[in-house]
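S.K.: My questions will all concern the structure given below.
Chains as they are written, first to last, in the working numbering: chain A, 1 to 418; chain B, 1001 to 1310.
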């Protein structure tokens, strides 16, 4: 009884060229346009940034380390311990590691250009905002850091970071890199002291921490807009289904369905299921196409399918409300208002057009179906597990429940003018 | 078979149907006539269980269908005035969809569809999208959908509106055939009096929510047994002349359309003289004057004061 209604809706949708274009072609075309007009913000997790970092050393690393080695030689320590300390010290070159192996690494060298400047030039460079950032290495930095790390003596020295305020993303990245760098230098030295570990922090460790510390999400602009456009355009299923249902009502086809002893609630359930399945199909086509054409792949396919399914059911619920409103007011206006205004507002709040920076809008956006879906999809794209998307799934579930109840209440009862 | 008792429907402040009583016997074709806004469609919607009446009852084989419409619906086919079809589905897909929601068995459905396509003469166009159909073909499919589940009772609400004469004849013949061959009871509403005269055994005339006349064709016509219809054609119909005729004590009804006048006057009276005299008075040039026995249209005019298509 319900299956013929679903099958019929699919047939009608496929044969409706205008809506077919709107629901499937338009989002993909928009992703193409955006991709080629703004390009990728992030590539392989690293932002495409052209920043120049100046490093001003108030010390000489080699001299610092030689001084420490000499001091240790004079210490009343067993020969074996002295040899171990000096060997460790030979690998311990924190400034060189920062300059050559971290900022100058293969992965980051396209992002940061590193230049050495004399300490006297620092003030002028700050005033002129000549560099994206300036890292000042204090006097006896390597000496102090080695002492603190190997013998746990004295305070851990700090690098000073000066950043040009217009470069928010670079600032966050550098802060995170330096934070992790200092931490890693200290802890790996301790491990080395105890005979475990490698003396230099790996870039993977730093990058991993950047993601969690600064929340800079490694999502390409293509992925962003594939998700953004898909969750936005899936909402049009609701307005389209509302319009179809209104036509059924206007042309008395709905009455024919009722006369076949199909209760209006079966019809209602049929519309919810048909809308949900259409929404799910639309999402699968859009995301499937994006895998092939844009290379947007999903690390956890089951989690991705769960979000898509839940979002589709929410769209089905919204469709039922639009249908009910159209029936109640005997016009297609609810579909028009939803399709022309509400989808746009939801898309803005949910961040489909561009990432939202306002916390308040973000909060509101997360209560829209597309916003909640988008956040859950992004978390999945980044490799987060179910625990991280529980809130969004609950929002979708709650929205579905509330909207369906509203739709049931609004749907005209027999005998009412409908 | 079906009995409608004191049916009323009120929409806010408007009483659309006010105490309608009618009945249908098995195997007959009954006409329901009335001008626009008479309450025919609301009455049909209530009888077919689509809207609940404000008061009154509808009984199908002595069982009220107001609260339990399922039994009636199983045996009822409705052909709405509108083309209640999916334009973006083919003729066959429409029949398949409605057949499935009528829970017709898959194998049986294929056979039923073939039968229906034969009856409505759309076998060759069954795989074309309905939106490519002519008005007449859409009307025929509109009827076909109502026949799929083999109803014993069909309500047809103006099934021939806006189609060419050839399609109209085809539909009328189909209705007649369905009634004769399958003994289907039909309630037929139309604006075309000649259709009702051709098809129906009994007639109800409705106006302003009431049944104002009921009976067989002859019984209805008998209402005007004491009157005659005079049809006049003139070069130009002048207002003064209409006024003179309207004020004449023997004229019961008068309608003017283009260059024609229709008068209802007492049968025994020789009204020719009056027509000629008043025409001369107002310088009207007469082209023809005819006397007719009353038609249903005349009865309708007599009862409602309006032509059927007003």
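Backbone N, C-alpha and C fix where the C-beta goes; we use that ideal spot for every residue, glycine too.
Residues in the same chain with beta-carbon distance under 6 Å from residue 254 of chain A, minus the five sequence neighbours each way, listed in chain order, please.
M.R.: Residue numbering aside, residue 254 of chain A sits at position 254 when the first chain is read from its first letter. Excluding positions up to five away in sequence, the list reads 248.
S.K.: Output yes if chain B places a C-beta closer than 8 Å to the C-beta of residue 6 of chain A; else output no.
M.R.: Locating residue 6 of chain A in the first chain gives position 6, where the first residue counts as 1. False, the Cβ-Cβ gap to chain B never drops below 8 Å.
S.K.: Hey, does residue 261 of chain A have any beta-carbon neighbour from chain B nearer than 8 Å?
M.R.: Along the first chain, read from residue 1 onward, the residue named residue 261 of chain A stands at position 261. Output row for residue 261 of chain A: interface = yes.
S.K.: Using the beta-carbon count (16 or more within 10 Å), is residue 1261 of chain B buried or exposed?
M.R.: On the second chain, position 261 is the one that residue 1261 of chain B refers to. Label assigned to residue 1261 of chain B: buried.
S.K.: Provide the residue span of the beta strand (DSSP E) that contains residue 153 of chain A, from first to last.
M.R.: Numbered from 1 along the first chain, position 153 holds the residue referred to as residue 153 of chain A. Careful: residue 153 of chain A lies outside any beta strand (DSSP E) and carries neither H nor E.
S.K.: Can you pull the chain A neighbours of residue 1101 of chain B, defined as C-beta to C-beta under 8 Å?
M.R.: Position 101 of the second chain, counting from 1, holds the residue named residue 1101 of chain B. By Cβ distance, chain A contributes 1, 4, 5, 257, 260, 262.
S.K.: Which term fits residue 1032 of chain B, buried or exposed, when burial requires 16 or more other beta carbons within 10 angstroms of its beta carbon?
M.R.: For this step, residue 1032 of chain B is matched to residue 32 along the second chain. With 16 or more Cβ atoms within 10 Å of its Cβ, residue 1032 of chain B is classed as buried.
S.K.: Given that a residue counts as buried once 16 or more other Cβ atoms are within 10 Å of its Cβ, and exposed if not, what is residue 115 of chain A?
M.R.: Looking up residue 115 of chain A in the first chain gives position 115. Exposed, since its Cβ has fewer than 16 Cβ neighbours within 10 Å.
S.K.: Would you list, in chain order, the members of the segment 1045-1056 of chain B that have their beta-carbon closer than 7 Å to a beta-carbon of chain A?
M.R.: The residues in question are 1048, 1050, 1051, 1052.
S.K.: Taking the alpha helix (DSSP H) that residue 331 of chain A belongs to, which residues open and close that run?
M.R.: The sequence position of residue 331 of chain A within the first chain is 331, counting from 1. Careful: residue 331 of chain A lies outside any alpha helix (DSSP H) and carries neither H nor E.
S.K.: Tell me the DSSP secondary structure of residue 212 of chain A in three-state form.
M.R.: For the purposes of this step, residue 212 of chain A is identified with residue 212 of the first chain, where counting begins at 1. Note that residue 212 of chain A has pLDDT 32, beneath the 50 cutoff, so the model's placement of it is unreliable and the number below is only indicative. If DSSP states are grouped into helix, strand and coil, residue 212 of chain A belongs with the helices.
S.K.: Is residue 129 of chain A near residue 152 of chain A, with beta carbons less than 8 Å apart?
M.R.: As a working note, residue 129 of chain A is residue 129 in the first chain. As a working note, residue 152 of chain A is residue 152 in the first chain. No, these two residues do not count as a Cβ contact at 8 Å.
S.K.: Whole angstroms are fine: how far does the CA of residue 295 of chain A sit from the CA of residue 201 of chain A?
M.R.: Counting from 1 along the first chain, the entry for residue 201 of chain A is found at position 201. Counting from 1 along the first chain, the entry for residue 295 of chain A is found at position 295. Any answer about residue 201 of chain A is weak, because its pLDDT of 44 lies below 50 and its placement is not dependable; what the coordinates show is given next. Each residue's Cα considered, the two are about 31 Å apart.
S.K.: For chain B, find out if any of its Cβ atoms is closer than 8 Å to the Cβ of residue 269 of chain A; answer yes or no.
M.R.: Indexing the first chain from 1 puts residue 269 of chain A at position 269. No, because no Cβ of chain B sits closer than 8 Å to the Cβ of residue 269 of chain A.
S.K.: For the beta strand (DSSP E) containing residue 243 of chain A, list its first residue and its last residue.
M.R.: As a working note, residue 243 of chain A is residue 243 in the first chain. Run containing residue 243 of chain A: none in the beta strand (DSSP E); it sits in the alpha helix (DSSP H), 236-250.
S.K.: In whole angstroms, what is the alpha-carbon distance linking residue 184 of chain A and residue 304 of chain A?
M.R.: Numbered from its first residue, the first chain carries residue 184 of chain A at position 184. Numbered from its first residue, the first chain carries residue 304 of chain A at position 304. Going from the Cα of residue 184 of chain A to the Cα of residue 304 of chain A covers about 35 Å.
S.K.: Starting from the beta carbon of residue 323 of chain A, find every residue of chain B whose beta carbon is closer than 9 Å, and list them in chain order.
M.R.: Numbered from its first residue, the first chain carries residue 323 of chain A at position 323. Going along chain B, no residue has its Cβ under 9 Å from residue 323 of chain A, so there is no contact; the nearest lies around 16 Å.
S.K.: For a test of the three-state rule: what should DSSP assign to residue 1084 of chain B, helix, strand or coil?
M.R.: Residue mapping note: residue 1084 of chain B aligns to position 84 of the second chain, counting from 1. Three-state result, residue 1084 of chain B: coil.
S.K.: Any beta carbon of chain B sitting closer than 8 Å to that of residue 409 of chain A?
M.R.: What you label residue 409 of chain A is simply residue 409 of the first chain in a count that begins at 1. No, its Cβ sits nowhere closer than 8 Å to a Cβ of chain B.
S.K.: How would you call residue 1270 of chain B, buried or exposed, if buried means at least 16 neighbouring beta carbons within 10 angstroms?
M.R.: By 1-based counting over the second chain, the position of residue 1270 of chain B is 270. The residue in question, residue 1270 of chain B, is exposed, as its Cβ has fewer than 16 Cβ neighbours within 10 Å.
S.K.: So residue 23 of chain A contacts chain B; which residues on that side make the cut at Cβ distance below 7 Å?
M.R.: Within the first chain, numbered from 1, the residue matching residue 23 of chain A stands at position 23. Result: empty, since nearest Cβ-Cβ is about 15 Å, beyond 7 Å.
S.K.: Check for me: the alpha helix (DSSP H) holding residue 349 of chain A runs from which residue to which?
M.R.: Counted from its first residue, the first chain places residue 349 of chain A at position 349. Residues 343-350.
S.K.: Take the Cβ of residue 394 of chain A as the centre, count every other Cβ of all protein chains shown within 10 Å, and call the residue buried at 16 or more, exposed below.
M.R.: For the purposes of this step, residue 394 of chain A is taken as the residue at position 394 of the first chain. By the neighbour-count rule (16 or more Cβ atoms within 10 Å), residue 394 of chain A is not buried but exposed.
S.K.: Give the straight-line distance between the Cα atoms of residue 1145 of chain B and residue 263 of chain A, rounded to the nearest whole angstrom.
M.R.: The residue given as residue 1145 of chain B occupies position 145 in the second chain. The residue given as residue 263 of chain A occupies position 263 in the first chain. Roughly 19 Å separates the two Cα atoms.
S.K.: Check the Cβ-Cβ distances between residue 1088 of chain B and every residue of chain A, and say whether any is below 8 Å.
M.R.: What you label residue 1088 of chain B is simply residue 88 of the second chain in a count that begins at 1. Cβ-Cβ to chain A under 8 Å: yes for residue 1088 of chain B.
S.K.: Are residue 220 of chain A and residue 307 of chain A close, meaning C-beta to C-beta below 8 Å?
M.R.: Mapped onto the first chain, residue 220 of chain A falls at position 220. Mapped onto the first chain, residue 307 of chain A falls at position 307. Going by C-beta atoms, residue 220 of chain A is not nearer than 8 Å to residue 307 of chain A.
S.K.: So the beta strand (DSSP E) residue 275 of chain A belongs to, where does it begin and stop?
M.R.: If you number the first chain from 1, residue 275 of chain A lands on position 275. First-last for residue 275 of chain A: 264-294, but that is the alpha helix (DSSP H), not the beta strand (DSSP E).
S.K.: Can you tell which of A:399, A:267, A:337, A:409 has the C-alpha that lies nearest to the C-alpha of residue 4 of chain A?
M.R.: Taking the first residue of the first chain as 1, we reach residue 4 of chain A at position 4. The residue with the shortest Cα to Cα distance from residue 4 of chain A is A:267.
S.K.: Please report the distance separating the alpha-carbon of residue 1268 of chain B from that of residue 1152 of chain B.
M.R.: Numbered from 1 along the second chain, position 268 holds the residue referred to as residue 1268 of chain B. Numbered from 1 along the second chain, position 152 holds the residue referred to as residue 1152 of chain B. For residue 1268 of chain B and residue 1152 of chain B, the distance between alpha carbons rounds to 46 Å.
S.K.: Tell me which residues share the same chain as residue 1125 of chain B and place their Cβ nearer than 8 Å to its Cβ, disregarding the 5 neighbours each side in the sequence.
M.R.: For the purposes of this step, residue 1125 of chain B is identified with residue 125 of the second chain, where counting begins at 1. The answer, listed in chain order, is 1091, 1133, 1137.
S.K.: Alpha carbon to alpha carbon, what distance is there between residue 378 of chain A and residue 145 of chain A?
M.R.: Taking the first residue of the first chain as position 1, residue 145 of chain A is located at position 145. Taking the first residue of the first chain as position 1, residue 378 of chain A is located at position 378. Rounded to whole angstroms, residue 145 of chain A to residue 378 of chain A spans 39 Å at the Cα level.
S.K.: Using 8 Å as the Cβ pair cut-off and three pairs as the minimum, do the segment 170-177 of chain A and the segment 130-144 of chain A touch?
M.R.: Yes, the segment 170-177 of chain A touches the segment 130-144 of chain A.
S.K.: Taking Cβ-Cβ distances shorter than 8 Å, what residues in chain B pair up with residue 253 of chain A?
M.R.: Working through the first chain from its first residue, we reach residue 253 of chain A at position 253. Simply 1084, 1085, 1086.
S.K.: If residue 1234 of chain B and residue 1287 of chain B are in contact, beta carbons under 8 Å, what's the gap, nearest whole angstrom?
M.R.: Sequence index remark: in the second chain, residue 1234 of chain B carries index 234 (1-based). Sequence index remark: in the second chain, residue 1287 of chain B carries index 287 (1-based). Yes, they are in contact, since the Cβ atoms of residue 1234 of chain B and residue 1287 of chain B sit about 6 Å apart, within 8 Å.
S.K.: Let me know the secondary structure DSSP gives residue 1097 of chain B once reduced to three states.
M.R.: By one-based count along the second chain, residue 1097 of chain B stands at place 97. DSSP places residue 1097 of chain B in helix when its eight states are reduced to three.
S.K.: If you measure between the beta carbons of residue 1056 of chain B and residue 1007 of chain B, is that distance less than 8 Å?
M.R.: As a working note, residue 1056 of chain B is residue 56 in the second chain. As a working note, residue 1007 of chain B is residue 7 in the second chain. Contact: yes.
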